[in-house]
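Read through the structure below, which is laid out as structure tokens, and then see the notes.
There are 2 protein chains.
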Amino acid sequence: MAEQLFFFAPIGATIAILFALFQAQKIYKFSEGNDLMKRIAQSVRTGANAYLKRQYTGVALFFAVMVVILAVMAFFGKLTPFVPFAFLTGGFFSGLAGFIGMKVATASNARTAQASSESLNKGLRVAFSSGSVMGFVVVGLGLIDISIWFFLLKYIFYSLDSTYVVNYAREAGMIASDAQIQLISSAMLTFGMGASCMALFARVGGGIFTKAADVGADLVGKVEAGIPEDDPRNPAVIADNVGDNVGDVAGMGADLYESYVVAIVATMALAVSAGYGFGGAAVPMTMASVGILASIIATFFVRTKEDASQKSLLAALRKGTFIASGLIIVASIPVVYYSLDCATYPERFGVYWAIISGLAAGMLIGFFTEYFTSDNYRPTRNLAGTSLTGPATIIIGGLSLGMLSTAVPVIIVAISVMVSFLASGGLEFFQSGAQGSYQTGLYGVAISAVGMLSTLGITLATDAYGPVADNAGGIAEMSHLPSEVRKRTDALDSLGNTTAATGKGYAIGSAALSALALIVAYLDEIKIKKPDFEFKLEISDPRVLIGLMIGVMLPFLFSSLTMSAVGRAAQNIVMEVRRQFREIAGLMEGNADPDYAKCVDLCTRGAQKEMIMPALLGILSPIIVGLMLGPNGVTGMLAGALGSGFVLAIMMANAGGAWDNAKKHIEGGAHGGKGSDPHKAAVVGDTVGDPFKDTSGPAINNFIKLLSMVSIVFAGLILSVWG
Amino acid sequence: MAEQLFFFAPIGATIAILFALFQAQKIYKFSEGNDLMKRIAQSVRTGANAYLKRQYTGVALFFAVMVVILAVMAFFGKLTPFVPFAFLTGGFFSGLAGFIGMKVATASNARTAQASSESLNKGLRVAFSSGSVMGFVVVGLGLIDISIWFFLLKYIFYSLDSTYVVNYAREAGMIASDAQIQLISSAMLTFGMGASCMALFARVGGGIFTKAADVGADLVGKVEAGIPEDDPRNPAVIADNVGDNVGDVAGMGADLYESYVVAIVATMALAVSAGYGFGGAAVPMTMASVGILASIIATFFVRTKEDASQKSLLAALRKGTFIASGLIIVASIPVVYYSLDCATYPERFGVYWAIISGLAAGMLIGFFTEYFTSDNYRPTRNLAGTSLTGPATIIIGGLSLGMLSTAVPVIIVAISVMVSFLASGGLEFFQSGAQGSYQTGLYGVAISAVGMLSTLGITLATDAYGPVADNAGGIAEMSHLPSEVRKRTDALDSLGNTTAATGKGYAIGSAALSALALIVAYLDEIKIKKPDFEFKLEISDPRVLIGLMIGVMLPFLFSSLTMSAVGRAAQNIVMEVRRQFREIAGLMEGNADPDYAKCVDLCTRGAQKEMIMPALLGILSPIIVGLMLGPNGVTGMLAGALGSGFVLAIMMANAGGAWDNAKKHIEGGAHGGKGSDPHKAAVVGDTVGDPFKDTSGPAINNFIKLLSMVSIVFAGLILSVWG
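In the order they appear, the protein sequences are chains A and B. As numbered in this note's numbering, the first sequence has no gaps in its residue numbers, which increase by one up to the final residue, 1282. As numbered in this note's numbering, the second sequence has no gaps in its residue numbers, which increase by one up to the final residue, 1282.
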């Protein structure tokens, strides 16, 4: 039974990709509008392509170096021979997902603007279709990558009768199929590292690009030259629009691609020690397929009446997520029941509740993120009020709000972990101390991450829709479309801010759960590599405790590096924009075109240069800590980084979101409105919040997962010193 | 031999208190200057007394409630009967230390101003004498409290032939003297909770008071009314001066009193499991005495030439600390050698290196704190440069600097912990896995905290000297003393900023080390209460991991509460100062006196009201987490809170310090100087930094120790549910 279930995965993946193609082809049928709109859209596309080209060139170099290192290690027996290839494919598919998502997003912006000039519903459909291309490409490619490797390993490299599997089974005293699935999942875990590296580059690079361009455009254009936002005379305006795509589309996509893949594979890796064998490995893959189908069905419910209010727009998007969740709640009953053979082992059905608890946690975190960052609720409204006493108080207020808001997701994740653990065997462990039920409990924790991410197709669609709407607004402004068009794109855009906030909460929550699954997978990996290794994970062990303190510190250091990177990159843009205003005659009068490409190029180069240090921090820390403190220290470090990374990421994302919306609230007329002193104070808050919410905060997600992945891949190296 | 060593403790304590009295009496011989100076000093004193009176009334109520709760628990056998009394004395002595320190500080401010009008050296001597009263009262009272309880327990309640000790020894299978010392130190640990509560109230209350007054005075006086700092027409000016005393003198004193006492007692608690028996318990107490003597000798070297430069002033203060450290390095050789009977057990001498590593770590952290926050070095100078592009960039820059600066102390503490552990037996544990050497290693970690704190007498003296110099400057300004006097007090004050920064680094470092010792003590406490309790401290245990995540989050929540408390309290002062300017006729012209007392009263009331929530968070969290997740969860929580509290406290303290000095750097003429746009941006940074460095940051130290203390005291309650 379980054997056949695996085929659901490639089927689901193929459907996801076909659906994405279908959506993309629908978008291309729409008109891009008048010549000016086409020209602007083309500039954004050129900029985005230039960025991607350079990004991928740099990253390819990095991947080449890493592959050589991994190959050498594999040659000396410190790694499974597949690792270098798995590493490559992980990176390749993640990059491909980002590439496609961005291609479509940059093709949709002018089309959304043009469609909005016809009707709001049409605008929503185009933007949302673009978002869903991203969403389904991510889940489709993720699941394809997993499937390919799974079947290659299962039927060719690690077939049941291969000497490797037979020997391993004998040595470990396992039945052959268990040995097989353990070897497969252990090898597959390593392609997560490729995805992690790619995701970190995409997030950090994109984050630096988008904020450097944003700050540069605002600081010189809006503040110094006094021209409005999205004015075509501003040399950084195209870079700013490109930034929305490289940061919020490609970056977010790569991030969630990684979470998705890692959550599935980490769960598979725990299937054997939980005693579930192949069935246990089948659940996450099948769940992913079910989630894809549910998400596709749900997208058809995302539509709105003509000239609907913002509330009903949001309701339309929400309906999609709810329907997908409802379908998954129903459809996962048979998945769990048959995969785990619950007819024979009724107690295994607890895994179902673990999936549901993950799904519920994702939605709750999304809701509370909105509560803390939307100006429909008290926290952000109060924050707007603190602008009355100047920039210092709104900064303190925002930091305080961000810190306060960390409590809720931590408690939600804590409850979700506990429920998952208890429901899937942990309760028995607490009562009798049976080690077996401890392992099934941990499997439950891992699968809850898969449950949370099962709606990723549609969640990411509602999220990646935002930057398209944002770009559409920019194009409407630059091409002087009638004000009612701008009003419609503004409605779409402002909705995008809300979905972006909930999307970020969701990304953080799923990162925390999958990082947690990775810690457990790391311990398993060490045990596989060296069954007699004696873990001493007591918190009182100085290695664990030191590792923990270093782990807690790392996300702070990482945030510092990325924030100061934005500062330096922005500084260069400011200089360049000033130079263009000074040197290009007739620019201010609209008689000459600015050199958009130069700004795009500067942002790109800045992003490329500045992403090296943060990436090295993520790759080298686990190796250095491992060499100094051994696997105990690494485990402590992972736990510490998970805890502080989770909390810091929420703090930064929510503080940033709240500042942004507090400013918008004031621009909506509160406390004196645009141009008043409180507004100026709120702009300071918003500017501080920019690198918080769009660079450092979201990149922390990838950072903590990268730490785990590197630890797992280099476990063999560390063991050769400490084993 | 070891038995007699204990008598060093009360002797050292008595000498410390006598020395403090001698210093105090020296101060009172100086003149307070002219009538105006006397009147101002009297206002500050009245305000400080009013604050203390209300603070102690509120705290007394809290202590009364706690004593009743503890007494009820003791009655039902969940606690040792001494706990309520021990709790009371811990709080009482801590409060007394704060009271005396503040009495002397408020008596020294005008005297320092007057002495500075004669010579710089005289001014330094008065201010430093005042600081040393605080320093030696803290160590003296701390050691007295420890000694009293030690001898009471040893000779009366838990005498060697008492049935309690005899029974306990039989049940645990220990020799009687080991059982005795274990019971004694376990009982003594609980008075740390009294000290912790008192310290939290003093830090939080003082921190809120001082920043509310500061912000209120600045915002209305300097910005709105346009009168200079420390102008007597400002109704909040006295509250501002009072604030320096209640925050930086009483708060800092109570904080370090707690660290000091807790470090000593936690080490004693680990003596038995390390196999060192009475000798092991004697080392920390004797080390404390030795530290007191060394510090007293060193104070005599703190003097400077007439009209020396700021550098030589700093050198004078540093000389004191260096000499004290040198003396301790030499004197602790015989202490360790004889206490631990190293003639028979030469391997025990490793404990000496643990002490030295703690001492070195304290000095290194102090140095790097100065590096990151003083405008003599690059980080703060660069930060000042970010003010050129406005308030947003200096905020981002400061946060980034603060985050970056966390790496260094974490690594220093990590190395110090590792060295202490390895030197005192841990190396053998790593090689052979012998559990005994694991325990001696942990004892080494605990004693390194005592080593770091052994110079507390003089370190605190150089630290508590700052607010006195600050106040003296205020009095010089308000009483229109000649400008060269103000120049001298400014030199003393600016030096005070440097010593305050290093003092804060030192306080954080020692808090981290003693919190760490407390975690180990907590584990021991559980084992004493229930020898068969099965700890499952693996990080993969969901209870540990959830506890850890909650623990990481708590310092963020705590910071949020304290920061927003400052905001609310400051808001009230702003209103009141505005009201006085509006309603008191002739105030601006200097024809009428403002109502200083009203502002002091408002600050006091605000501080009292706002300190309740943060204190409850500290007391209730371990109990709630304990009831929900058991001792495993509590241990995870303590480790998480230690890690994130340590990092967050450093981040906040250093960011705040750097903003402050970046502003001063600009005021010194850089980037346009006072009144320029960069200066205005820097003022925003400084205002954000105020609650960072003077309220939330330092209070986190107490918060993490309070969490540990409550966990230890309520271990019995938790065990009755989870045991």
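Ideal placement from N, C-alpha and C gives every residue a C-beta, glycine not left out. Everything numeric in this text was worked out from a predicted model, so none of it was measured.
What separation, rounded to the nearest whole angstrom, lies between the Cα atoms of residue 851/B and residue 1016/B? Residue 851/B sits at position 292 when you count from the first residue of the second sequence. Residue 1016/B sits at position 457 when you count from the first residue of the second sequence. The alpha-carbon atoms of residue 851/B and residue 1016/B are separated by roughly 6 Å.
Buried or exposed: which applies to residue 637/B, given that a residue is buried once 16 or more other Cβ atoms fall within 10 Å of its Cβ? Along the second sequence, one-based indexing puts residue 637/B at 78. Under this definition residue 637/B is a buried residue.
Do you know how far the Cα of residue 984/B is from the Cα of residue 1086/B? Position 527 of the second sequence, counted from the first residue, corresponds to residue 1086/B. Position 425 of the second sequence, counted from the first residue, corresponds to residue 984/B. The straight-line gap from Cα to Cα measures roughly 22 Å.
Which same chain residues, not among the five before or five after residue 613/B, have their C-beta less than 7 Å away from its C-beta? On the second sequence, residue 613/B is found 54 positions in, with the first residue counted as 1. If we look at residue 613/B and ignore the five residues flanking it on each side, its Cβ neighbours are 1163 and 1167.
Starting from the Cα of residue 1058/B, find the closest Cα among 623/B, 877/B and 986/B and give me that residue. Here the question's residue 1058/B lines up with position 499 in the second sequence. The candidate whose alpha carbon is nearest that of residue 1058/B is 877/B.
Under the rule that 16 or more other beta-carbon atoms within 10 Å means buried, what is residue 762/B, buried or exposed? Reading the second sequence from its first residue, position 203 is the one you call residue 762/B. So residue 762/B counts as buried.
Which residues in the same chain as residue 685/A place their Cβ atom closer than 7 Å to its Cβ, once the five residues preceding and following it in sequence are excluded? Within the first sequence, the letter at position 126 stands for residue 685/A. For residue 685/A, where only same-chain residues beyond five positions count, the Cβ hits under 7 Å are 586, 589, 667, 670, 671 and 674.
Check the Cβ of residue 695/A against every Cβ in chain B and list those closer than 7 Å, keeping chain order. Along the first sequence, read from residue 1 onward, the residue named residue 695/A stands at position 136. By Cβ distance, chain B contributes nothing, its closest Cβ being about 32 Å from residue 695/A, past 7 Å.
Indicate the three-state DSSP secondary structure (helix, strand or coil) for residue 896/A in the structure shown. For the purposes of this step, residue 896/A is identified with residue 337 of the first sequence, where counting begins at 1. Reduced to three states, the DSSP call for residue 896/A is helix.
Tell me the residue span of the alpha helix (DSSP H) that contains residue 810/A. The residue labelled residue 810/A in the question sits at position 251 within the first sequence. It is not in any alpha helix (DSSP H) - residue 810/A carries neither H nor E in the DSSP assignment.
Which value, in whole angstroms, describes the spacing of the CA atoms of residue 1202/A and residue 1065/B? Locating residue 1202/A in the first sequence gives position 643, counting from the first residue. Locating residue 1065/B in the second sequence gives position 506, counting from the first residue. The alpha-carbon atoms of residue 1202/A and residue 1065/B are separated by roughly 25 Å.
Run through chain B and tell me which residues come within less than 7 Å of residue 1109/A, C-beta to C-beta. In the first sequence, counting from the first residue as 1, residue 1109/A sits at position 550. Near residue 1109/A (Cβ distances below 7 Å), the residues of chain B are 969 and 973.
Judging by CA-CA distance, which residue of 1260/A, 1196/A, 846/A and 810/A is the nearest neighbour of residue 1207/A? To locate residue 1207/A, count along the first sequence from 1; it is residue 648. With distances taken between Cα atoms, residue 1207/A lies closest to 1260/A.
Under 7 Å between beta-carbons, which chain B residues line up against residue 1194/A? List them in chain order, please. What you label residue 1194/A is simply residue 635 of the first sequence in a count that begins at 1. 1098, listed in chain order.
Interface residues of chain B facing residue 1122/A [CB-CB closer than 9 Å]: The residue you call residue 1122/A lines up with position 563 of the first sequence. The answer, in chain order, is 955, 956, 958, 959 and 962.
Sufficient close CB pairs (3 or more, under 8 Å) joining the stretch 817 to 824 of chain A to the stretch 771 to 781 of chain A: no
Buried or exposed for residue 1101/A, please, with buried defined as at least 16 other CB atoms from any protein chain shown within 10 angstroms of its CB. For the purposes of this step, residue 1101/A is taken as residue 542 along the first sequence, with counting starting at 1. Buried.
Give the DSSP-derived three-state secondary structure of residue 792/A in the structure shown. Translated into positions along the first sequence, residue 792/A becomes position 233. Note: residue 792/A maps to coil in three-state DSSP.
Under 8 Å between C-beta atoms of residue 809/B and residue 660/B: Translated into the one-based positions of the second sequence, residue 809/B becomes position 250. Translated into the one-based positions of the second sequence, residue 660/B becomes position 101. A contact, by the Cβ cut-off of 8 Å.
Sequence-distant residues of the same chain with beta carbon closer than 6 Å to residue 772/B, five excluded per side: Numbered from its first residue, the second sequence carries residue 772/B at position 213. Here the set comprises 795, 798, 799, 802 and 1162.
Contact residues within the stretch 999 to 1021 of chain A, judged by C-beta distance below 8 Å to chain B: 1000, 1001 and 1004
Whose C-beta lies closer than 8 Å to the C-beta of residue 1111/A among residues of the same chain, with five residues either side of it excluded? In the first sequence, counting from the first residue as 1, residue 1111/A sits at position 552. Answer for residue 1111/A: 1199, 1200, 1202 and 1203, listed in chain order.
Cross-chain neighbours of residue 1078/A in chain B, by beta carbon under 9 Å: In the first sequence, residue 1078/A corresponds to position 519, counting from 1. Residues of chain B passing the Cβ test: 1098, 1099 and 1104.
Between the stretch 1239 to 1256 of chain A and chain B, which residues of the former have a C-beta closer than 7 Å to a C-beta of the latter? 1243, 1246, 1247 and 1250
Give the DSSP-derived three-state secondary structure of residue 1090/A in the structure shown. Counted from its first residue, the first sequence places residue 1090/A at position 531. In the structure shown, residue 1090/A sits in coil (DSSP, three-state: anything other than H, G, I, E or B).
Cα-Cα separation between residue 943/B and residue 1213/B, rounded to whole angstroms: Here residue 943/B refers to the residue found at position 384 when the second sequence is read from its first residue. Here residue 1213/B refers to the residue found at position 654 when the second sequence is read from its first residue. Looking at the two C-alpha atoms, the distance is approximately 14 Å.
Using a beta-carbon distance cut-off of less than 7 Å, what residues from the stretch 1202 to 1227 of chain A approach chain B? 1202, 1203, 1205, 1206 and 1210
Counted within 10 angstroms of its Cβ, other Cβ atoms place residue 741/A as buried (16 or more) or exposed: The sequence position of residue 741/A within the first sequence is 182, counting from 1. Residue 741/A comes out buried.
Minimum Cβ-Cβ distance from residue 980/B to chain A less than 8 Å: One-based indexing of the second sequence puts residue 980/B at position 421. For residue 980/B, the answer is yes, since a Cβ of chain A falls inside 8 Å of its Cβ.
Please report the straight-line C-alpha distance between residue 1000/A and residue 1281/B, rounded to a whole angstrom. Residue mapping note: residue 1000/A aligns to position 441 of the first sequence, counting from 1. Residue mapping note: residue 1281/B aligns to position 722 of the second sequence, counting from 1. In a straight line, the C-alpha of residue 1000/A is about 20 Å away from that of residue 1281/B.
Taking buried to mean at least 16 other C-beta atoms within 10 Å of its own C-beta, is residue 1248/B buried or exposed? Position 689 of the second sequence, counted from the start, is the residue given in the question as residue 1248/B. Residue 1248/B is buried by the Cβ-count criterion.
8 Å Cβ cutoff, residue 785/A in contact with chain B: To locate residue 785/A, count along the first sequence from 1; it is residue 226. No - not a single Cβ of chain B is within 8 Å of the one on residue 785/A.
How would you label residue 1349/A, buried or exposed, when you count the other beta carbons within 10 angstroms and need 16 or more for buried? No statement about residue 1349/A is possible, as the shown extent of chain A runs from 560 to 1282 and does not include it.
DSSP three-state assignment for residue 862/A, whether helix, strand or coil: In the first sequence, counting from the first residue as 1, residue 862/A sits at position 303. Looking at residue 862/A - three-state DSSP - the assignment turns out to be coil, as it is neither helix nor strand.
Specify the secondary structure class of residue 768/B as computed by DSSP and reduced to three states. Along the second sequence, one-based indexing puts residue 768/B at 209. Residue state, collapsed to three classes: helix.
Buried or exposed for residue 839/A, going by 16 or more other Cβ atoms inside 10 Å? Along the first sequence, read from residue 1 onward, the residue named residue 839/A stands at position 280. Residue 839/A comes out buried.
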